[in-house]
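Notes follow the structure.
4 protein chains.
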Amino acid sequence: MNFASDNTVGASAPVLQAIVEANAGAMAAYGNDEITRRVRARFAEIFERDVDVFFATTGTAANALALSSAVPPYGLCICHREAHVIDDECGAPEFFMHGAKLTGLPGVGAKLKADDVAAYVKSLPRAVKQMPPKALSISQVSEGGLVYDLDELAALGAVCREHGLAFHMDGARFANALVALGCTPAEMTWKRGVDILSFGATKNGGLMAEAIVVFRTDLAEALDYRSKRAGQIISKARLIAAQFEGYFADDHWLANARHANRMAKALSEGLARLPGVRLAWPTQANEVFPIIPHALDRALKAAGILYNPWTELSLPEGEHVGEGEVLVRLVASWATREEDVHRLLEIASSGVSRHAAE
Amino acid sequence: MNFASDNTVGASAPVLQAIVEANAGAMAAYGNDEITRRVRARFAEIFERDVDVFFATTGTAANALALSSAVPPYGLCICHREAHVIDDECGAPEFFMHGAKLTGLPGVGAKLKADDVAAYVKSLPRAVKQMPPKALSISQVSEGGLVYDLDELAALGAVCREHGLAFHMDGARFANALVALGCTPAEMTWKRGVDILSFGATKNGGLMAEAIVVFRTDLAEALDYRSKRAGQIISKARLIAAQFEGYFADDHWLANARHANRMAKALSEGLARLPGVRLAWPTQANEVFPIIPHALDRALKAAGILYNPWTELSLPEGEHVGEGEVLVRLVASWATREEDVHRLLEIASSGVSRHAAE
Amino acid sequence: MNFASDNTVGASAPVLQAIVEANAGAMAAYGNDEITRRVRARFAEIFERDVDVFFATTGTAANALALSSAVPPYGLCICHREAHVIDDECGAPEFFMHGAKLTGLPGVGAKLKADDVAAYVKSLPRAVKQMPPKALSISQVSEGGLVYDLDELAALGAVCREHGLAFHMDGARFANALVALGCTPAEMTWKRGVDILSFGATKNGGLMAEAIVVFRTDLAEALDYRSKRAGQIISKARLIAAQFEGYFADDHWLANARHANRMAKALSEGLARLPGVRLAWPTQANEVFPIIPHALDRALKAAGILYNPWTELSLPEGEHVGEGEVLVRLVASWATREEDVHRLLEIASSGVSRHAAE
Amino acid sequence: MNFASDNTVGASAPVLQAIVEANAGAMAAYGNDEITRRVRARFAEIFERDVDVFFATTGTAANALALSSAVPPYGLCICHREAHVIDDECGAPEFFMHGAKLTGLPGVGAKLKADDVAAYVKSLPRAVKQMPPKALSISQVSEGGLVYDLDELAALGAVCREHGLAFHMDGARFANALVALGCTPAEMTWKRGVDILSFGATKNGGLMAEAIVVFRTDLAEALDYRSKRAGQIISKARLIAAQFEGYFADDHWLANARHANRMAKALSEGLARLPGVRLAWPTQANEVFPIIPHALDRALKAAGILYNPWTELSLPEGEHVGEGEVLVRLVASWATREEDVHRLLEIASSGVSRHAAE
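Chains as they are written, first to last, in our numbering: chain C, 716 to 1073; chain G, 716 to 1073; chain H, 716 to 1073; chain D, 716 to 1073.
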């Protein structure tokens, strides 16, 4: 039972099928093909407006490329201090942005508050020694599994507009956030001020399918050159596009995300009911962050269940992980089976009981 | 009939099958899986020694990463002036090498001569204003479709050793060169002084499967960080490795390359027999570079045959493309059908006849 | 009365005289001159061993070049979170290091503790997503005006050795620290494990005279290329070297530093005696960081005395700046006149009295 | 007798005097001082319009900064293939431009022709693999000592406008070109389409005084950040500005340049009169490029006269350097004494005679 991440399984059946079908025959290379054109049009439909779309094979590349179009080499990009871009990409954004700086702000559950961002920008010295702030990057779903609601997004968008920041959304779990909010892609992005989006499909059914969706034409201008130069334009590009075709067909992507979120909810509710277990913060998408007793941790691991410990850095004020406890992350995905959730909860339940009996 | 490039078709059947099979189930992400381990071991077998292997989704990324491990930001990398790395990658090597410089030397059919490389290195001022030469990058097969023989490779290797250059081979068409020479991978690489290799599979049956094979441990040290940082470590990494498993199984890769070379040979011999047609230089792998009359060019295009014009930059001394002629490139691949070659030659033959009759 | 910084005055008389003398006649450009050679030898004497010396016109360039030789583009450099390199150089280190990352740790008075550095390094995940730590950079004198003693330096040096970090010292106020400790340059650097030093003279009498002194040969290898490439090798290089000749002659540099420290001590003691004034931390070199009442702040400003407010970020635990207070920095230099210090203290004294009377 | 370069002497008397005067007293650091303000205004007067001015300590830094503001990391900068920026700066432009590429075109005496630039731009493939051309950089005076006349500049300016290239002028010998043409600074720059200028004073009397003069506001936007980040904003900035004050006062700079050009003319005419000596191309500013017999070369060297051999790369078609000849460069400066020119010509004359007698 693998709750370690949502990238341990392969592609979902419709996505794999789309690859197999697109593989046949000869087509123009480097994205000048029919499938890529169709998928670009599909993105425009989904976002209810003209968009520029660029493809990438990893979320890291998508994020780094997106940021490189928004932040000059001497600029500053604000993000949460646990953001994937600052913590998990071996400095890819700094590389692609040519030495621009990421600066991380605090916030519960890895979410930023608009007021904190505004206050930070205002606190910066207006001097040449200070790299000027040029972009804000948030993760929707956040690294802590939380979802910015539409008002929060609007507030962040307003801060960006006021201070001349490009607004980037790392949507590695875009679909999970979307179905959690029950809104449209447009409502969750450009209608709230988002300028450029890393649209991830890999974690939700894709094989290696990431897209950069650009809502501000000037940010799209050089992205084809930047992508090529980053080795991200694959020759048989239709095979990336095809994955999106399979992903979008029949709302497959939304169904996948709904399933993942539902599994996480079940997991979350089941765990929270156990004595000695509490949630670090609410479960809003497909990730659960419980604080559990060591005994439960041992019981789960003994049962071969895979998941990871998590940092306490973004706990709410006043909350902390006690001596005999650990904060962990459990991730559900489109491929998580209901029976595995039940199994895990049973094991957890008996683990806790055993502990109480000891 | 598509003779424009060897990247217009998808993956060959065994490679696609390997992807489909590897897709099932959950595995550790980011290359910590069983398939990746197996493929790494397979590379060691193929090259008859320990090697470090890193995967990439494009040849551009593989080349740029390889060069970035060999050339510091203040260094110079020597290549042919028509090399893919200098001409076709939108500056990816300069990006990955952080502003190091590529310098292009001339040579017939886009091949470098060891003496020219040595003379160039010796001609450089020994002064701080001069970026110091740190690497040599050759393409095997060359951009002009020529194959360096084992002695030529050894001579280049010796120049590299003498002058402290890392020796990089861009093997986008590695298999085509290998079967052309009839030697082993070891003989064509590290036994001749090659330090680091871009091993391409995409053009010869892969979907998006490139590997960097490193024969000098020091060059491998940081490549995992560099790859991550370049967004080249895909989460579902086993799907890249799986392609190589399908590629290597039952010598599928060699069979594919032999077929492509045979098709190119047939094409080359057929065209060379036509009046008014001559080869710019010999056909040694899977690409043919004939100089053809405009009439023939028109006839082929009228028949819907796809191929590209080529630069005259690397013609042998004394040779030139006349007024009514054009130098073109025709590429055969593992997927080229014998009947298409025959068809093309028939069309060509009647095109030339018609022209003579006019 | 300017206590804002130690870079508001020009060069001291001996340094200026050395420039004027070196200006006459023709000499080889770009550092191939006699004066540069002499000064290099002088550095070796001063540090009691062979050293490699490179010149720069700004401390920012010296720091950034030094770090670029120690940290690869994918590496991490640890420093205090208020360090000049992370806070005051508009990302110069990130630019010169090609996107490597600076990470700032806390510490009272902008000093790092060896244990904190060791704990931080150990806390980093051993994973490819994590940029590997490659260097430690400290400022001696620290940004808070504190001086690392020899044991503290040795402890930091030991941490660097244990974890494979290059040890960089930003010595913008090297002389001030040296006379504060009363030790030799060797004792304060390589004998405590320092690998590379930004040796600043500009703040202590130079016009624009900074040197990078390298104690580890491998770090010096490419610094001439890196300097040239950064536009730091000036053509009339002897004019930089000449400044150091004037600076070192007759221990002028040590006399300057002693004077500056003495002035700061007088200022510090005088201020600390005033009611309502306390030092944020001790005065150890040429900078004073008092917490003063607003009334005093107003009185000093009204008298035209220049100085700057300072961040509270590095106050000792438990200490804080109250409602009616402000933390400020006053800097003394070689050019600070004793009478100005007395004047300032008089103004301060009557400012405080007036305030009490109100 | 040093004819090796115009950077072997120190500063001229008025420039040195200005430094000494500006050195006294305290002023705001980092360019926020009165002298810097005055000099900025002076530049505006000299160029008869508003300009943005940034200072640098080397021509390499000035060029690299200027280009970095005009060329994005994925762009191409066109220059002559012997240009200082491509050949003599250890890749500084590539470093500051973050891996953008310089491409060198041929041309007699290191001058570019507008038609050649236009033809080159048109020849580039319109494809993502091709870095898009973003700037043209010329040297006025050229690396071969030639001066672009106003029509040639206008023609280059027109090509830049047509193709969207920023037009950069490397004016390391700006004054020498100016007095050679007898025009105004405005006529030689922005009135002919120049967008950004490296204005060198170091070779013509300065100590280390270079300025970037920007005629297009958008190119100036980030140059202060870029300068800081490159370590080019010196703390005691008024000492750079002061040099320009001395340089411009009483048209000192023009007098210096006129003297240098006159010395070069005398040298050139004297040498050209000698049997067996011819000029590679005309002498138009302060540099002479004669092709001389080996015997003369030996005689000059035996007399201790310093100068450098030169590349034959930019000889006019048909011209070449014979077996017993060598192409050399002799540089005159503001400090060249008439008697040294006469002395050199005497030595040359007798050297040639002796040779004839042998």
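The beta-carbon is built from N, C-alpha and C at its ideal position, and this holds for glycine as well.
Check	Outcome
Rounded straight-line distance, which links the Cα of H/A935 to that of D/A974	Strictly speaking, residue 974 of chain D in this sequence is His, with Ala absent from that position. Cα to Cα, D/H974 sits roughly 42 Å from H/A935.
Best match in C/A744, C/R888, C/D802 for proximity to C/E925 [C-alpha to C-alpha]	C/R888
C-beta neighbour in chain G for H/H813, strict 7 Å	yes
CB contact check: C/K849 to chain H, cutoff 7 Å	no
Where G/C794 meets chain D, residues with beta-carbon distance less than 8 Å	Going along chain D, no residue has its Cβ under 8 Å from G/C794, so there is no contact; the nearest lies around 13 Å.
Buried versus exposed call for D/E858 [16 or more other C-beta atoms within 10 Å across all chains shown]	buried
Interface flag, H/V843 vs chain G, CB-CB below 7 Å	yes
Helix, strand or coil at H/H795 [DSSP, three-state]	strand
Short Cβ contact (7 Å threshold) for D/G824 with D/A1000	no
G/I948 (DSSP reduced to helix, strand or coil)	coil
Where the alpha helix (DSSP H) containing D/P808 begins and where it ends	807-811
Cα-Cα separation between D/L969 and D/R755, rounded to whole angstroms	19 Å
CA-to-CA distance, G/L982 to G/A850, given in whole angstroms	36 Å
Beta carbon of D/A881 nearer than 7 Å to that of D/D910	yes
Alpha carbon of G/C805 to alpha carbon of D/M846, nearest angstrom	5 Å
Counterpart residues of D/R1044 in DSSP-defined beta bridges	D/N1023
H/T703 versus D/V1067 - alpha carbon distance	Chain H is shown only over 716 to 1073; residue 703 of chain H falls outside these bounds and no answer can be derived.
Short Cβ contact (7 Å threshold) for C/F718 with C/V1041	no
Residue environment, G/A956, which counts as buried when at least 16 other CB atoms sit within 10 Å	buried
Cutoff 7 Å: G/G806 Cβ touching any chain C Cβ	yes
Helix, strand or coil at G/A743 [DSSP, three-state]	coil
Test: C/K943 CB closer than 7 Å to a CB of chain D	yes
Proximal residues of chain C, C-beta to C-beta of H/D885 below 8 Å	Residues of chain C passing the Cβ test: none, with the nearest at roughly 15 Å.
Where the beta strand (DSSP E) through G/H883 begins and ends	881-886
Neighbouring residues, chain H, relative to G/I948 (Cβ below 8 Å)	V843
Positions along the region 921-942 of chain C whose CB lies within less than 9 Å of some CB in chain D	A937, D939, Y940, R941, S942
Contacts that C/K711 makes with chain H (C-beta to C-beta distance below 8 Å)	The requested residue 711 of chain C is not part of the displayed model; chain C covers only 716 to 1073.
Environment of G/E809 [buried if 16+ CB atoms lie within 10 Å]	buried
Beta carbon of H/V730 nearer than 7 Å to that of H/G961	yes
Local Cβ density within 10 Å of H/T1051, reported as buried at 16 or more and exposed below that	buried
Under 9 Å from the C-beta of G/Y789: neighbouring residues of chain D	C805, G806, F810
Euclidean distance between Cα positions of D/A777 and C/I927	36 Å
Those residues which DSSP pairs with C/P1005 across a bridge	C/L994
Three-state class that DSSP yields for G/E902 in the structure shown	helix
Straight-line gap, D/I948 to H/T775 (C-alpha atoms, nearest Å)	9 Å
Residues bridged to H/S852 (per DSSP)	H/H883
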